[in-house]
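One rule links them: number in our numbering = place in the sequence shown (from 1) + 15. Idealized CB from N, CA, C, for every residue including glycine. Note sheet for the following structure.
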Amino acid sequence: MPVALIVDDHPAVRVAVASHLSAHLGYQTHEAATAADAMQSLKEVAPDVVIVDLDLPSLPGEVVIEAVEEKYPAARRVVLSAVNSAAQRALHAGAHGHVAKGSGLEQLGQVLQAVMAGYVVFPAELLASLHRMASGSSDPMAGLSRREMTVLRFLAAGHSNKAIADTLHISNKTVSSHKTSIMTKLGLKSMIDLAEFARKHRLTGTE
Numbered sequence: 016m017p018v019a020l021i022v023d024d025h026p027a028v029r030v031a032v033a034s035h036l037s038a039h040l041g042y043q044t045h046e047a048a049t050a051a052d053a054m055q056s057l058k059e060v061a062p063d064v065v066i067v068d069l070d071l072p073s074l075p076g077e078v079v080i081e082a083v084e085e086k087y088p089a090a091r092r093v094v095l096s097a098v099n100s101a102a103q104r105a106l107h108a109g110a111h112g113h114v115a116k117g118s119g120l121e122q123l124g125q126v127l128q129a130v131m132a133g134y135v136v137f138p139a140e141l142l143a144s145l146h147r148m149a150s151g152s153s154d155p156m157a158g159l160s161r162r163e164m165t166v167l168r169f170l171a172a173g174h175s176n177k178a179i180a181d182t183l184h185i186s187n188k189t190v191s192s193h194k195t196s197i198m199t200k201l202g203l204k205s206m207i208d209l210a211e212f213a214r215k216h217r218l219t220g221t222e
């Protein structure tokens, strides 16, 4: 039985998705309301797919996608969002697909089946973004590794080095090294600069 982790801060959405996946697609489901909850769940659950909203409290859903990619690289990653612009965010974060919440559960099921079969499913209008990514991005974050992106999102949300280390199961020294590398690559001189960068690039979740 395939395992799905559903990450959304709206209980009704989690229940609806979990019920549909269980009844119609035969999934065992687990739920998390925040990125932090999802990170905890990943210690206990080995998902075949994670379905995540990007606009979560405190930390954005990209953190979950990055963590799943690192811990369970074979797992598929699908973004379920009410915001149309989230498709591009999902693409850059490393998701395999995007579904608008307004599309309904049947559409989610179809996308999920395609993604689990090895396909990548995004709106056609994102093809231009794919071409830009293939030809070299001007995104200042393009030079950051996946782990550096994860640490950056934690820093942007105001988490301390120790909190980041505890959550990611790495040492404080490693976090500090990542932080130094991030600041250097992005040309940032202080945490004030980092906070402004995070605001400009919408790196934190909804409050």
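Glu222 - DSSP class collapsed to helix/strand/coil: The pLDDT assigned to Glu222 is 45, lower than 50, so where the model puts this residue is not dependable; a value taken from the coordinates is nonetheless given after this. If DSSP states are grouped into helix, strand and coil, Glu222 belongs with coil.
DSSP three-state assignment for Pro72, whether helix, strand or coil: strand
Identity of the residue in Leu120, Ser100 and Leu57 nearest Val30 by Cα: Leu120
Close beta carbons around Lys215, own chain, < 7 Å, minus the five adjacent residues each side: none
Where Ile80 falls: helix, strand or coil (DSSP): helix
Cβ-based burial, Glu222 [other Cβ within 10 Å; buried from 16]: For Glu222, the predicted model reports a pLDDT of 45, less than 50, meaning its position is unreliable and no value from the coordinates is stated.
Option nearest Pro138 by Cα separation, candidates Gln122, Met131 and Ala132: Gln122
CA-to-CA distance, Ala157 to Val130, given in whole angstroms: 25 Å
Nearest-angstrom Cα separation, counted from Ser186 out to Arg91: 28 Å
Segment limits, beta strand (DSSP E) that includes Ile66: Val64 to Val67
For Leu40 and Leu127, believed in contact at Cβ under 8 Å, the rounded distance: 7 Å
Within 7 Å, strictly: CB atoms of Arg162 and Val78: no
Cα-Cα separation between Pro72 and Asp24, rounded to whole angstroms: 7 Å
Run of the alpha helix (DSSP H) containing Thr195, from where it starts to where it stops: Asn187 to Leu201
Coarse secondary structure for Arg217, derived from DSSP in three states: coil
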